[in-house]
Amino acid sequence: MSGLSVGMFLFLVSVGMSLIFGVTRIVNLAHGSFYMVGAYLMVTLVEILPDRPWAFWVALLVAPLGVALLGAVIEVGLLRLIYHRDPLMQLILTFGLILVISTLVLLAWGPDNKSVSRPDALAGSIPIFGQPFPSYYLLVLGLAPVVAVGLWLIFYRTRWGMLIRAATVDREMLGALGVNVSALYTQVFAFGSWLAGLGGALAAPTIAVALGMDGDVLTTAFVVVVIGGLGSFAGSFISALLVGLLQSFGILIFPAVSIVLLFAIMAVVLVVRPWGLLGRPEQ
Amino acid sequence: MTSSARALVVLAVALALAPLALPPFFLQLLTEIAIVGLFATAFNLLMGFGGMVSFGHAAYFALGAYAAALLVKRAGIPMLLALPAAPLVAAVGALLFGVFIVRLTHTYFAMLSLAFAQIVFTIIFKWKSLTGGDDGLLDVWPPAALKSPAAYYYFTLATVALSLVALHAVSESPFGYALKSVRENPRRARFIGINVRRLQLCAFVISGAFSGLAGGLFAFYNGSIFPDFAYFTKSFEPLVVALLGGAQSFFGPVAGAFAFKILEWLISRQWPVYWPLFLGTIVVLVIVALPQGFVGLAGGRTWWTRVTGKT
Amino acid sequence: MRTRIAMWGVGAVLVVAAAAGPVAAQSKAPIRIGEINSYSGLATVYTFPYREGLLMATKEINDGGGVLGRPLEFIFRDDKLKPDEAVKAARELVGQEKVDFLAGCISSGVGLAISAYAKEAKVLYIATHCQTSRLTWDDGHKYVAHTTNNVNQYVRALAKKAATMPYKKWAHISPDYEYGHNVWDEFFVYLKQLKPDVEVVQQNWPKLGETDHSSYVTALLQSGADAFLSSVWGAQEIAFVKQARPFGLFEKVHYFSASVGNPDELDPLAKEAPVGAITPGFAWYDDGMQKRHPKLAEWVKKYETRTKKEPTLGASWGYASAYIIAEAIKRAKSAETDKVITAFSEGFEMEFPWGKVIMRGCDQQAIPPQWVGVVRMNAQGKPVLADVEEVHGKDVIKSCDEVAKLRAAAAEKKK
Chain A
1 MSGLSVGMFL
11 FLVSVGMSLI
21 FGVTRIVNLA
31 HGSFYMVGAY
41 LMVTLVEILP
51 DRPWAFWVAL
61 LVAPLGVALL
71 GAVIEVGLLR
81 LIYHRDPLMQ
91 LILTFGLILV
101 ISTLVLLAWG
111 PDNKSVSRPD
121 ALAGSIPIFG
131 QPFPSYYLLV
141 LGLAPVVAVG
151 LWLIFYRTRW
161 GMLIRAATVD
171 REMLGALGVN
181 VSALYTQVFA
191 FGSWLAGLGG
201 ALAAPTIAVA
211 LGMDGDVLTT
221 AFVVVVIGGL
231 GSFAGSFISA
241 LLVGLLQSFG
251 ILIFPAVSIV
261 LLFAIMAVVL
271 VVRPWGLLGR
281 PEQ
Chain B
1 MTSSARALVV
11 LAVALALAPL
21 ALPPFFLQLL
31 TEIAIVGLFA
41 TAFNLLMGFG
51 GMVSFGHAAY
61 FALGAYAAAL
71 LVKRAGIPML
81 LALPAAPLVA
91 AVGALLFGVF
101 IVRLTHTYFA
111 MLSLAFAQIV
121 FTIIFKWKSL
131 TGGDDGLLDV
141 WPPAALKSPA
151 AYYYFTLATV
161 ALSLVALHAV
171 SESPFGYALK
181 SVRENPRRAR
191 FIGINVRRLQ
201 LCAFVISGAF
211 SGLAGGLFAF
221 YNGSIFPDFA
231 YFTKSFEPLV
241 VALLGGAQSF
251 FGPVAGAFAF
261 KILEWLISRQ
271 WPVYWPLFLG
281 TIVVLVIVAL
291 PQGFVGLAGG
301 RTWWTRVTGK
311 T
Chain C
1 MRTRIAMWGV
11 GAVLVVAAAA
21 GPVAAQSKAP
31 IRIGEINSYS
41 GLATVYTFPY
51 REGLLMATKE
61 INDGGGVLGR
71 PLEFIFRDDK
81 LKPDEAVKAA
91 RELVGQEKVD
101 FLAGCISSGV
111 GLAISAYAKE
121 AKVLYIATHC
131 QTSRLTWDDG
141 HKYVAHTTNN
151 VNQYVRALAK
161 KAATMPYKKW
171 AHISPDYEYG
181 HNVWDEFFVY
191 LKQLKPDVEV
201 VQQNWPKLGE
211 TDHSSYVTAL
221 LQSGADAFLS
231 SVWGAQEIAF
241 VKQARPFGLF
251 EKVHYFSASV
261 GNPDELDPLA
271 KEAPVGAITP
281 GFAWYDDGMQ
291 KRHPKLAEWV
301 KKYETRTKKE
311 PTLGASWGYA
321 SAYIIAEAIK
331 RAKSAETDKV
341 ITAFSEGFEM
351 EFPWGKVIMR
361 GCDQQAIPPQ
371 WVGVVRMNAQ
381 GKPVLADVEE
391 VHGKDVIKSC
401 DEVAKLRAAA
411 AEKKK
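Chains as they are written, first to last, in my numbering: chain A, 1 to 283; chain B, 1 to 311; chain C, 1 to 415.
Written out as structure tokens, the structure is:
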């Protein structure tokens, strides 16, 4: 059961990266940094809001918006300048961003570890199959499929989603047809950042909000997205579940490899299915 | 003599005379720059020339470092005999992993190379009885004759220079041109009879071997080695250095190593706490403003532009 | 155009960096110590207070006339948590800045790397915040001294407390790296010496930095253990505690921890803190502590005035380190390396606001007092350590003979 919730968590945390890559072809290494900012914003919001039951939910709503704003600013201010460049340079740029954002977080929030409590309603556990199951994970278990379905609906049932899909196929043609493709890319990047921030805000009550959390999540998200197949949401969903379950059980069966389990899974998948589970061969 | 050949001679003379003018710490800094330059150039054989970006080159660096260090510490073999083991062991590792890795392209290539590097890291980390695990291997020094900063500097400089000559020969050889053509258009390369996979694997092994040599040199320079030499963050160093220096030219990575290491040193000593902010900002600025990396400042070759038509 | 702006930007950064230039061109008067530690990234939660303690002590020393009439000066470098960066910084500090001594470390790998360099360069290295016993024992030598306690001491103090309690079946959760293995081994071996009927029923080795411990929590619940030891620390322990609470783990299996009593973990946990956990910690606020050590309250006040924050164990370590270095130089009547090493090797004792610290001569290792307490909520609803018992490190630390055996064994392995 916990493997399932871990998997759902991984999905929420990684889908933003999958989205941004799928549309803009940029591997956003700053994804982990956005996640971290989302968690820190959550801490601050919970601190400044009055100590009422609704405070948590308001914070959960607002924190990702802050990250979306950050993402939009970065996209417009920096990424736009290098879209025509080699994707590698874009990668290195996002790598530079990691350094900048992590130091800014240190400057803004200081070095101390922080924490957010779970809302009282979800602080305990309920018995499932006779075992106690933390109630907070029910939120995650519920939210992840909603997000997954929501994304599918957006991309396959709305006009905006159709434009996005068109942009991934032929950006120039779309521009020639009069669509403001630059604005579209900004929106996608902001949306992906929003998802990353949501992941961070949701995760905050289950972990410590501390410096260094950007690195952990980045590698995990990257691996999950690659295993699933870059640019495929369904792939990310399945791979997140797979990794979550394997990690939970793998720890018990092969404790010695817990350090490398994630990468070992990825290695096996990539050797057997070079494009990830549901990926398409690159052109 | 052409202007670039003249420049090279001036540079060579300056480097040779450095110990007379520079204090020992700067010689050590130059030694480190040379090693990083070799690592980045070996890496760039794959990236700049072969179009294959690896996120896992730290594995070969570490394999080289551990191979040489273990031979000296556990088997008592003198450094000069142990050092050749570094590129050999690294090449074997590159061959074993490369077979799987070259079947993939682009991001998947990068990620599988990363996964294998993490596996190497884990083996080094966990095999405590052999490698010392995260306690590392301590007291790994060159023999007395080569121990002084000036002596090890000359030794490293000579080794790196020879390696660069070899790598340059590879990149300018028919093999090198075939590699570039594969990068430009794999299908056409296949049509004209090039065995793409075998070529890429060869390049991978050569790249891995010289990365291992860099690792071996580094082990004796540093005096101690740790599993984090294989950790993926180490894999980003040649990538960043090569890109900043200019991946399209052969000497770009070396220029990048020089600029980046000096930058990093100056920034870290000035701001021991907030240096990532400044370094990150500079990286961002350079990417945005210098399409050809630092080498572009010197009017570096832009065959990328000529050949691909992209900027 | 863009190129030019960027180049001006880079140039400006470099000019500022270079202008701040090498410090060397000053008077010969200060005694200069190159301090290498982790000042960027996740270790800052420990090193920032540590540095405050260090600088506070340095100011006191210098206001009092300095050491041998000369001011004490620390030059700081960041090791980026990488041993090779630390060696590079050490080389610069020794070769360029011409420091008299090296100091610092928080990560054990870094400490060991600097120690290896110091031995080679024949420079005295005074390790401070890092905790591995290997530093002065297995890999010890005359060019390294250690001013704070090592894993051996505080873990044994905890084991001593555990031995007084009726728990026989033990499990543990420790991060899978040198520190985690070190803590568990030290704890259980010593515990078994004191209480032979204990047994291990389960071992858990999550990776360092693991974020999800649910499987481990479930395993611990099913292990049948009466008590368990956790050497998971920092952000990871906070995550572990938060994840374990809904399972009711702490009510079912008694929680012993090597570090949860520290404010960097207790303060963020707040009302989620594991009440009842037994753990070592610097409980300066405890009434019993303050009665036993009357100067403590005043020291705390001074620290709070200076930093506007409460002190941590690391702050006390920084403070003690500066004074210990100064004392060694005073006793040597010189800042020359060999003379100061002799002073360390002869050993000495110092009184601090929290008790007596013995600098032992045979291994140049510090032996401070240890405190073990229980996590409770105070009147303000804040988690603190209570029922604090004090054990001096000298009552639990390995003897000089045992250390000599460790060094011999390590030397054998290297052959």
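Ideal Cβ positions, reconstructed from N, Cα and C, are used throughout, including at glycine.
With 8 angstroms as the threshold, decide whether the Cβ of Leu269 (chain C) is near any Cβ in chain A. Yes, Leu269 (chain C) lies at the interface with chain A (some Cβ there is under 8 angstroms from its Cβ).
With distances taken Cα to Cα, identify the nearest neighbour of Gln365 (chain C) among C:Ile75, C:Ala127, C:Trp299, C:Val189. C:Ala127
Can you give me the C-alpha to C-alpha distance between Leu139 (chain A) and Ser5 (chain A), rounded to a whole angstrom? 9 angstroms
Are any of the Cβ atoms in chain A nearer than 8 angstroms to that of Ala171 (chain C)? Nearest CB-CB separation between Ala171 (chain C) and chain A: not below the 8 angstroms threshold.
Sub-8 angstroms separation of Leu167 (chain B) and Phe155 (chain B) beta-carbons: no
Apart from the five residues just before and just after Ser171 (chain B), which ones in its own chain have a Cβ nearer than 7 angstroms to its Cβ? Leu45, Phe49, Phe250
One or two residues paired with Leu81 (chain A) in a DSSP bridge: Beta-bridge analysis with DSSP links Leu81 (chain A) to no other residue.
What does a CB cutoff of less than 8 angstroms around Asp264 (chain C) pick up in its chain, not counting 5 residues either side in sequence? Val45, Tyr46, Gly234, Thr312
Taking only beta-carbon atoms, is Gln118 (chain B) less than 8 angstroms away from chain C? No - not a single Cβ of chain C is within 8 angstroms of the one on Gln118 (chain B).
Pro132 (chain A): contacting residues in chain C (beta-carbon distance under 8 angstroms): Pro246, Phe247, Gly248
For the alpha helix (DSSP H) that Val156 (chain B) lies in, which residues bound it at each end? Per the sequence presented here, residue 156 (chain B) reads as Thr, with Val not at that position. Here the alpha helix (DSSP H) through Thr156 (chain B) covers 149-172.
Which same chain residues end up closer than 7 angstroms to Val55 (chain A) when comparing Cβ atoms and leaving out the 5 residues on each side of it in sequence? In the sequence as displayed, the identity of residue 55 (chain A) is Ala instead of Val. Excluding residues within five positions, the ones whose Cβ falls inside 7 angstroms are Val46, Leu49.
When Cβ atoms are compared, which residues of the stretch 69-93 of chain A fall closer than 7 angstroms to chain C? none
Whole-Å CB distance - Val94 (chain C) paired with Leu102 (chain C), under 8 angstroms assumed: 7 angstroms
List, in order along the chain, the chain A residues whose C-beta lies closer than 8 angstroms to that of Ile106 (chain C)? Neighbours of Ile106 (chain C) on chain A: none; closest Cβ ~12 angstroms, over 8 angstroms.
Chain B contacts from the stretch 92-106 of chain A (Cβ-Cβ distance under 9 angstroms): Ile92, Leu93, Phe95, Gly96, Leu97, Ile98, Leu99, Val100, Ile101, Ser102, Thr103, Leu104, Leu106
Any beta-carbon of chain A closer than 8 angstroms to the one on Gly280 (chain B)? yes
From Gly200 (chain A) to Ala221 (chain A), what does the alpha carbon distance come to, in whole angstroms? 12 angstroms
Interface residues of the stretch 234-249 of chain B facing chain C [CB-CB below 7 angstroms]: Against chain C - using a Cβ distance shorter than 7 angstroms - the stretch 234-249 of chain B contributes no residues.
Can you list, in chain order, the residues of its chain whose CB lies under 7 angstroms from that of Glu85 (chain C), leaving out five sequence neighbours each side? Asp79
Three-state secondary structure (DSSP) at Val23 (chain C)? Note that Val23 (chain C) has pLDDT 45, beneath the 50 cutoff, so the model's placement of it is unreliable and the number below is only indicative. It is helical.
Cutoff 7 angstroms; reference Glu351 (chain C); Cβ partners in own chain excluding five residues on either side: Nothing meets the Cβ criterion.
Three or more C-beta pairs under 8 angstroms: does that hold for the stretch 154-163 of chain C against the stretch 114-126 of chain C? no
In chain order, which continuous runs of the beta strand (DSSP E) of length 3 or greater are located wholly inside the stretch 297-337 of chain C? none
Look up Cys400 (chain C) in the DSSP assignment and say whether it is helix, strand or coil. helix
According to DSSP, is Asp395 (chain C) helix, strand or coil? helix
Between Ile33 (chain B) and Lys261 (chain B), is the Cβ-Cβ spacing less than 8 angstroms? Ile33 (chain B) places its beta carbon less than 8 angstroms from that of Lys261 (chain B).
Please state whether DSSP places Ala29 (chain C) in a helix, a strand or coil. coil
Any beta carbon from chain C within less than 8 angstroms of Leu4 (chain A)'s own beta carbon? no
Do Gly248 (chain C) and Gly373 (chain C) come within 8 angstroms of each other at the CB atom, strictly closer than that value? no
Looking only at its chain, what residues have a beta carbon closer than 8 angstroms to the beta carbon of Leu194 (chain C), apart from the 5 residues adjacent to it on each side? Ala159, Lys160, Ala163
Pull up the distance between the alpha-carbon of Arg9 (chain A) and that of Gly32 (chain A), whole angstroms please. One detail in the question is off: residue 9 (chain A) reads as Phe in this sequence, not Arg. Approximately 14 angstroms, taken between the alpha carbons.
With distances taken from CA atoms, which of C:Leu269, C:Tyr177, C:Leu220 is nearest Ala256 (chain A)? C:Tyr177
Among the candidates C:Phe187, C:Ala386, C:Thr342, whose CA atom is the shortest distance from the CA of Ala277 (chain C)? C:Ala386
So what's Asp51 (chain A) in DSSP terms, helix, strand or just coil? coil
Give the single residue among A:Leu195, A:Leu163, A:Met173 whose Cα lies nearest to the Cα of Ala284 (chain A). The requested residue 284 (chain A) does not occur in the structure, where chain A is confined to residues 1 to 283.
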